[in-house]
Amino acid sequence: MSEMAGLILRIMRASALAAAAFVVLVIAIELWTKWRVQGEVGENIGFMAVLLAMLAGCLWLARAISREIIKSGP
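Letter by letter, the sequence shown follows residues 0 to 73 of numbering that gives the first Met the number 0.
Next comes the structure, spelled out in structure tokens:
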């Protein structure tokens, strides 16, 4: 793999992990808001399901990119 391709893959992996961190932050804020303001966490199940699906997708993408980096070698 060329140097440019390796650099692009590393940037894509970092971006996928940053997106996953952002989704975790949104989930935390949503849970804190529901718990602190409304006193219950059971509302907006659909929104939380979408957030969890996005989190799983981001982590899956980062894992796939990491495997590709490892497979291609130094």
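Glycine included, each C-beta is placed from N, C-alpha and C at the ideal position.
Remember, it's a predicted structure, so these values are computed and weren't measured experimentally.
Within 10 angstroms of the beta-carbon of Ala48 lie fewer than 16 other beta-carbons, which makes it exposed. Restricting attention to Leu8, Leu50, Gly56 and Val36, the CA atom closest to the CA of Arg66 is found in Leu8.
The three-state reading of DSSP puts Ser1 in coil, since its state is none of H, G, I, E or B. Rounded to whole angstroms, Ala15 and Leu60 show a C-alpha spacing of 7 Å.
The DSSP-derived three-state label of Gly45 is helix.
By the Cβ-count criterion, Ile69 is exposed, with fewer than 16 other Cβ atoms from all chains shown falling within 10 Å of its own Cβ.
Rounded to whole angstroms, the Cβ separation of Met53 and Val22 is 5 Å, and the two are in contact under 8 Å.
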